[in-house]
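The next block holds one structure in the form of structure tokens; read it before the comments.
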């Protein structure tokens with residue numbers, strides 16, 4: 175498991191929340207204290223909730239699940255894109271388009287349109303004026319910006335990972351509507367009950383976002399690696415079992431042929447013995463008859 179220590183969180187300023195006036199009462203259980211009008215987040219709760227989220231991520235990866243990273247705020251964009259690429263998952267770092275999850279069929283059509291525009295030598299550019307080609311290029315650039323992180327997403331994700339659940343409220347609501355689990359960094363101004371796996375931390379600190387999202391990304395990579403190792407080990411065991419079964423079958427076949435040959439030999443031996451025994455008996459009976467006839471002649 176990707177390790178995040180208490181000291182690491184403390185050094186990144188993950189414990190700093192919002193001012194008291196902006197807090198959400200539902201966040202109370204994660205608040206340690208108030209200092210100079212600012213809420214301080216309990217980092218023990220952060221570590222505990224992060225471990226729960228990482229355990230859930232491992233389960234999803236075992237079932238060949240896919241994740242969607244969401245971070246459209248300025249502090250999170252580059253980090254989210256980098257870490258999502260690092261673990262080979264999908265991401266949204268531009269404006270969240272309403273219906274990205276709930277109206278995914280329309281999004282897929284838009285992605286197909288983008289792929290058509292990006293295809294070299296596409297017939298769509300044939301017999302067009304210069305102005306029409308420019309309009310298509312503008313459309314291509316716009317769609318590429320909107321869908322660059324989800325262009326290869328064929329189905330809905332098995333879970334979404336969000337930076338600042340309050341800022342990405344539309345994405346969280348769509349996921350909840352479709353019963354897609356949500357893992358999110360939540361600050362003191364957010365209702366953690368909207369999220370399945372809340373990670374209480376400072377969602378405005380670039381270093382904190384980097385630390386937590388990198389830990390999640392590393393966990394996904396480790397889980398994928400373990401899954402591949404397990405699959406390889408299973409294949410090796412299957413091959414061994416097949417070889418053993420073949421060896422057993424060969425041994426059984428050899429035994430059956432040996433028993434058949436031995437039984438044939440016994441039959442031949444018995445037949446030979448019987449052939450030899452019959453003439454000897456007949457010889458004995460002929461001699462006895464001759465002797466009897468000789469004795470009868472002498473008596474006469």
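Residue numbers (my numbering): 175 to 474.
Positions of the beta carbon are idealized from the N, C-alpha and C atoms, including for glycine.
Proximity winner among the options, relative to residue i (alpha-carbon distances)
i: residue 177; options: 418, 416, 388; result: 388
i: residue 268; options: 213, 228, 244; result: 244
i: residue 252; options: 218, 231, 383, 207; result: 383
i: residue 232; options: 393, 422, 218, 470; result: 393
i: residue 282; options: 327, 186, 427, 192; result: 327
i: residue 182; options: 202, 217, 349, 256; result: 217
i: residue 262; options: 396, 416, 368, 197; result: 396
i: residue 366; options: 203, 298, 293; result: 203
i: residue 187; options: 381, 469, 399; result: 381
i: residue 264; options: 325, 469, 427; result: 325
i: residue 237; options: 398, 300, 194, 307; result: 398
Exposure label - residue i; buried when at least 16 CB within 10 Å
i: residue 199; result: exposed
i: residue 303; result: exposed
i: residue 391; result: buried
i: residue 241; result: buried
i: residue 379; result: buried
i: residue 228; result: buried
i: residue 335; result: buried
i: residue 223; result: buried
i: residue 184; result: exposed
i: residue 235; result: buried
i: residue 373; result: buried
i: residue 345; result: buried
i: residue 266; result: buried
i: residue 257; result: buried
Beta carbon of residue i nearer than 8 Å to that of residue j
i: residue 357; j: residue 375; result: no
i: residue 342; j: residue 280; result: no
i: residue 337; j: residue 359; result: yes
i: residue 273; j: residue 332; result: no
i: residue 221; j: residue 190; result: no
i: residue 318; j: residue 352; result: no
i: residue 330; j: residue 350; result: no
Rounded C-alpha distance that separates residue i from residue j
i: residue 225; j: residue 275; result: 27 Å
i: residue 424; j: residue 418; result: 10 Å
i: residue 310; j: residue 259; result: 28 Å
i: residue 371; j: residue 305; result: 50 Å
i: residue 313; j: residue 207; result: 51 Å
i: residue 290; j: residue 284; result: 10 Å
i: residue 192; j: residue 271; result: 28 Å
i: residue 277; j: residue 323; result: 17 Å
i: residue 293; j: residue 416; result: 47 Å
i: residue 201; j: residue 339; result: 13 Å
i: residue 249; j: residue 255; result: 12 Å
i: residue 476; j: residue 321; result: Residue 476 cannot be examined here, being either before or after the span of the chain that is shown, 175 to 474.
i: residue 420; j: residue 347; result: 57 Å
i: residue 196; j: residue 400; result: 43 Å
i: residue 377; j: residue 230; result: 21 Å
Chain D contact for residue i (CB, 8 Å cutoff)
i: residue 367; result: Protein chain content of the structure displayed is limited to a single chain, and chain D is not contained in it.
Original post:
Okay, do the segment 209 to 217 and the segment 361 to 374 touch, 3+ Cβ pairs below 8 Å being the bar?
Top reply: Under the three-pair Cβ rule at 8 Å, the segment 209 to 217 counts as touching the segment 361 to 374.
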